[in-house]
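S.K.: Line by line, the protein sequences give chains A and B. Under the working numbering, the first residue of the first sequence is numbered 1, with each subsequent residue one higher. Under the working numbering, the first residue of the second sequence is numbered 1, with each subsequent residue one higher. Here it is, the structure, as structure tokens.
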Amino acid sequence: MKKHSSVLLFLLFFSVTLVAQKKLFTKTGTITFNSKTSIEKIQAVNKKVLAVLDVANNKIEFAVLIKGFEFEKALMQEHFNENYLESDKFPKATFKGKFDDTNFTILAEENKTVTVNISGSLTLHGVTKPVTAKALITTKNKTVSAASSFTILLSDYSIKIPAVNKNNVNNQVQININLANLQEMK
Amino acid sequence: MKKLLFALTCLLFICPAKAQDTSLVSGLEDENALEKVTGTFKSTRVINAHSTEMLYKGNMDFRILHRFGPVNSGVKEFFGLDNASMRMSFDFGITNNLMIGIGRSTNLKDLDFLIKTRLLQQTKGVKPIPVSLLVAAGYIVTTQQSFATVKPTFSDRSSYYLQMIVGRKFNSNFSMQLSPLLVHNNSTLNPTDDKTIFGLGGGARYKVSKRIALVADYHYAVGKLDNAITNPLSLGVDIETGGHVFQLHFTNSAGMNEKAYLTQTTGKFFNGDIRFGFNLSRMFNIGKKKKNW
């Protein structure tokens with residue numbers, strides 16, 4: 001009886017410590033994307049990216065509002081929301097993934113950079129597709145930052161380019177993610 | 001044993017509580033964020049009436065408007081297409097909530113000036129604003145040479161208008177607005193006409209696809225006007241292709257400024273006295289927004 005209780009107590013304790021382990025987050029990450037054709041260069045930035053790195057469980061998650069992307073040309077921004085991403089219907093893009101390699105001991109060290117592989121699923125325009133990317137995690141001056149870059153195809157997410165704009169919008173879009181100064185979640 | 005059961009139930013409760021919280025980001029999202037509603041109409045005009053749309057800062061809208069002759073003038077006049085009247089205008093976005101414009105019509109060689117401002121923009125969020133509220137004011141002067149024995153003075157040829165626009169995007173496809181209009185003519189074509197005419201205006205849009213929408217606008221004139229004057233009704237289709245918006249429509253009004261369409265429309269829509277018309281809008285970026293990344 002006593003033995004059982006101690007095992008249970010240990011289990012309980014263990015589950016609590018798991019919860020208490022490190023999670024890093026930011027609400028001000030940036031995502032930029034580029035699409036380039038010989039006629040037009042399309043670029044936009046979103047500076048309110050929400051990201052959580054669950055170090056203990058090797059998980060990572062992003063959420064971003066489509067309407068938060070800023071373009072150089074206001075009309076382009078309107079068309080992006082109205083005609084391409086349909087942000088009224090699909091206001092958010094999310095990514096849920098995990099780290100394939102799990103060497104997070106560096107988080108405790110100063111001035112280190114490691115490359116990790118991330119795989120997960122990206123939900124955009126109501127379509128969920130698997131995505132893999134390499135990411136750099138850096139520790140410097142007691143802060144942790146992360147960066148990644150990958151490409152997606154608009155056709156994978158049923159974002160249609162009308163025939164008249166075929167030469168203006170590239171189906172292949174490069175996405176850059178930058179998370180500076182990740183905070184520890186309390 | 002009881003203790004054990006108790007501990008087990010505790011565990012049972014703890015584990016699902018953790019498992020349920022699968023989304024790491026939930027709870028961190030800013031629920032108070034206000035989101036501005038955009039794209040209520042495709043252009044700054046429904047057809048004739050000002051819409052709830054504004055130009056963005058640094059944008060210039062070059063508009064070419066055409067109204068042809070009455071369709072019921074028959075094949076001899078090629079259903080009105082032989083006879084075109086036009087208005088050309090340039091509108092500028094000073095800020096996202098303030099725009100000015102200048103335009104000139106073939107009809108009576110009217111020159112018109114516009115200032116339009118947005119006081120409220122429809123937003124979604126915790127404290128939503130249900131409608132957009134805008135005010136447009138304008139001055140119109142007729143510059144056509146008069147052959148009357150007593151020439152009208154500059155003041156006689158002047159007209160003023162004030163339009164308020166209350167509009168709402170009900171969903172991504174359907175938008176509607178009420179746009180009461182006040183027009184004051186310093187002198188009238190018919191001496192018994194009221195100088196100040198009030199127009200109860202309304203407009204709507206229904207998107208049939210991402211880039212094509214059906215639009216309509218109407219003004220009901222209140223005030224004493226000649227019997228031949230009718231209320232302007234326009235029905236059309238908006239087609240958007242990148243920086244262009246094509247508005248094709250049928251209307252009983254030949255006039256393309258506020259004075260002309262409210263107080264000088266003579267066509268009877270349901271007698272087939274309608275004209276084919278189009279508005280072409282081309283957007284230019286003149287003040288480049290500074291790149292901030």
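Built from N, CA and C at the ideal position, the CB exists for glycine as well. Here the structure is a predicted model, which means the values were calculated and not measured.
With 8 Å as the C-beta to C-beta threshold (strictly closer), list the residues of the segment 199-215 of chain B near chain A in chain order.
M.R.: Listed by position along the chain: Lys-210, Arg-211.
S.K.: Considering only the alpha carbon of each residue, which of A/Phe-150, A/Leu-122, A/Thr-139 lies closest to A/Val-173?
M.R.: Measuring from the Cα of A/Val-173, the nearest candidate turns out to be A/Phe-150.
S.K.: For B/Leu-28 and chain A, any beta-carbon pair shorter than 7 Å?
M.R.: Closer than 7 Å: yes.
S.K.: Throw me the rounded Cβ distance for the A/Leu-107 and A/Val-144 pair, which I believe falls under 8 Å.
M.R.: The pair is a contact, with the Cβ atoms about 6 Å apart (cut-off 8 Å).
S.K.: What is the C-beta distance between B/Gly-58 and B/Gly-287, in whole angstroms, given that I count them as a contact (C-beta under 8 Å)?
M.R.: Between B/Gly-287 and B/Gly-58 the Cβ distance is about 3 Å, and since that is below 8 Å, they are a contact.
S.K.: Any idea which residues DSSP pairs A/Phe-95 with across the strands?
M.R.: Looking at the DSSP assignment, A/Phe-95 forms a beta bridge with A/Phe-62, A/Leu-122.
S.K.: At what residues does the alpha helix (DSSP H) containing A/Gln-77 begin and finish?
M.R.: Run containing A/Gln-77: 74-79, per the alpha helix (DSSP H) assignment.
S.K.: DSSP three-state label for B/Ile-274, please.
M.R.: Reduced to three states, the DSSP call for B/Ile-274 is coil.
S.K.: Residues of the segment 71-100 of chain A with a CB closer than 7 Å to any CB of chain B: list them in chain order, please.
M.R.: Taking 7 Å as the Cβ-Cβ cut-off against chain B, the residues of the segment 71-100 of chain A that qualify are Glu-72, Lys-73, Ala-74, Leu-75, Glu-78, Asn-81, Glu-82, Asn-83, Asp-88, Lys-89.
S.K.: With 7 Å set as the bound, which would you pick, yes or no: does the beta-carbon of A/Asp-54 sit closer than that to a beta-carbon of chain B?
M.R.: Yes, A/Asp-54 lies at the interface with chain B (some Cβ there is under 7 Å from its Cβ).
S.K.: Between which two residues does the alpha helix (DSSP H) carrying A/Ala-44 extend?
M.R.: Note, A/Ala-44: premise wrong, no alpha helix (DSSP H); beta strand (DSSP E) at 41-54.
S.K.: Under 8 Å: do the segment 267-284 of chain B and the segment 119-135 of chain B share three or more Cβ pairs, one atom per stretch?
M.R.: In short, these stretches do not touch, since the Cβ pair count stays below three.
S.K.: Per DSSP, what kind of secondary structure is B/Leu-96 in: helix, strand or coil?
M.R.: A small fix is needed here, since residue 96 of chain B is Asn in this sequence, not Leu. Three-state DSSP puts B/Asn-96 in coil, outside helix and strand.
S.K.: Which residues in the same chain have their Cβ closer than 7 Å to the Cβ of B/Leu-181, if we skip the five residues on either side of it in sequence?
M.R.: Same-chain partners within the cutoff: Tyr-161, Gln-163, Gly-199, Gly-201, His-219, Glu-258, Leu-262.
S.K.: A/Thr-26 lies in the beta strand (DSSP E); which residues open and close that run?
M.R.: Per DSSP, A/Thr-26 belongs to the beta strand (DSSP E) from 23-36.
S.K.: B/Leu-24 versus chain A: which residues are under 7 Å apart at the beta carbon?
M.R.: In chain order: Val-52, Asp-54, Lys-59, Glu-61.
S.K.: Which term fits A/Leu-153, buried or exposed, when burial requires 16 or more other beta carbons within 10 angstroms of its beta carbon?
M.R.: That one is exposed.
S.K.: In the segment 37-55 of chain B, which residues sit with their C-beta less than 7 Å from some C-beta in chain A, listed in chain order?
M.R.: Cβ contacts with chain A: Thr-38, Gly-39.
S.K.: In angstroms with no decimal places, state the Cα-to-Cα distance between A/Asn-81 and B/Ser-172.
M.R.: Those two C-alpha atoms are separated by around 11 Å.
S.K.: Anyone know if the C-beta pair for B/Asn-185 and B/Ser-155 falls short of 7 Å?
M.R.: Contact: no.
S.K.: What distance in whole Å lies between the Cβ atoms of B/Tyr-56 and B/Asn-107, which are believed to be in contact at a cut-off of 8 Å?
M.R.: At roughly 30 Å, the Cβ-Cβ gap does not stay under 8 Å, so B/Asn-107 and B/Tyr-56 are not in contact.
S.K.: Which residues in chain B sit within 7 Å of A/Asn-165, going by Cβ to Cβ distance?
M.R.: Within 7 Å Cβ-Cβ: Gly-242.
S.K.: What residues from chain B crowd round A/Lys-67, counting only those whose CB sits closer than 7 Å?
M.R.: Per Cβ cutoff of 7 Å: Glu-35.
S.K.: Report, in whole angstroms, the separation of the C-beta atoms of A/Ala-133 and B/Val-25, which I expect to be a contact under 8 Å.
M.R.: With a Cβ gap of about 18 Å, A/Ala-133 and B/Val-25 do not count as contacting.
S.K.: For B/Gln-264, collect the residues of the same chain with a Cβ closer than 6 Å to its Cβ; drop the 5 residues on either side in sequence, then sort them by chain order.
M.R.: Hits under 6 Å: Gly-255.
S.K.: Is the segment 278-287 of chain B touching the segment 204-220 of chain B in the sense that three or more CB pairs, one from each, lie closer than 8 Å?
M.R.: Flag = no, the segment 204-220 of chain B and the segment 278-287 of chain B do not touch.
S.K.: Exposed or buried, B/Arg-63, counting other C-beta atoms within 10 Å across all chains shown (16 or more means buried)?
M.R.: With 16 or more Cβ atoms within 10 Å of its Cβ, B/Arg-63 is classed as buried.
S.K.: Quick check on the DSSP output: the beta strand (DSSP E) that includes A/Ala-180 runs from which residue to which?
M.R.: 172-184 is the extent of the beta strand (DSSP E) around A/Ala-180.
S.K.: Starting from B/Ala-260 and walking both ways along the alpha helix (DSSP H), at which residues does that stretch end?
M.R.: Element bounds for B/Ala-260: 258-263.
S.K.: Go to A/Ser-145, then tell me how far its beta strand (DSSP E) extends in each direction, as first and last residue.
M.R.: Taken as a continuous stretch (DSSP letters only), the beta strand (DSSP E) holding A/Ser-145 covers 143-153.
S.K.: If you count every other CB in all the chains shown that lies within 10 Å of the CB of B/Ala-148, and 16 or more means buried, which is it?
M.R.: Burial call: exposed.
S.K.: Checking contacts by CB at 7 Å: is B/Ser-175 closer than that to chain A?
M.R.: No - not a single Cβ of chain A is within 7 Å of the one on B/Ser-175.
S.K.: Just how far apart, CA to CA, sit B/Asp-217 and B/Leu-28?
M.R.: Computed Cα separation, rounded: 44 Å.
S.K.: Are the beta-carbon atoms of B/Thr-40 and B/Thr-52 separated by less than 7 Å?
M.R.: Result yes, Cβ atoms of B/Thr-40 and B/Thr-52 sit closer than 7 Å.
S.K.: For B/Phe-113, is the classification buried or exposed, using 16 other Cβ atoms within 10 angstroms of its Cβ as the cut-off for buried?
M.R.: Label assigned to B/Phe-113: exposed.
S.K.: Tell me which residue opens and which closes the beta strand (DSSP E) that B/Arg-63 is part of.
M.R.: Looking at the DSSP string, the run of the beta strand (DSSP E) that includes B/Arg-63 is 59-70.
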